[in-house]
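For the numbering used here, add 207 to where a residue sits in the sequence shown, where the first one is 1.
Reviewing the structure listed below.
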Amino acid sequence: MTDPYECPGHGPADPEGYLIERTPGGYRWTRRADSRTAGPFESREEAVVSAEADRTA
């Protein structure tokens, strides 16, 4: 079965205003407004949680 994160439009959406992407070291998020990044995170879910926390901070 194909990993849903590898297929655009499948799997959970990125938090509004953020881009979640896979990197060689794990996953990271980038805030679209100012290109600030955080990571690497071991899983996409951890990156999403961190981006959502940053968005509400």
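Here a beta-carbon is modelled for each residue, glycine too, at the ideal position from N, C-alpha and C.
Just so you know, these numbers come straight off a predicted model, no measurement behind them.
Ser250 sits exposed, since fewer than 16 C-beta atoms from the chains shown fall within 10 Å of its C-beta.
For the pair Pro222 and Val255, the Cα-to-Cα distance works out to about 7 Å. Note on the stretch 226 to 262: whole beta strand (DSSP E) runs with a minimum of 3 residues are 233 to 238, 244 to 248, in chain order. In this model, Gly224 and Ser257 are separated by some 13 Å (Cα to Cα).
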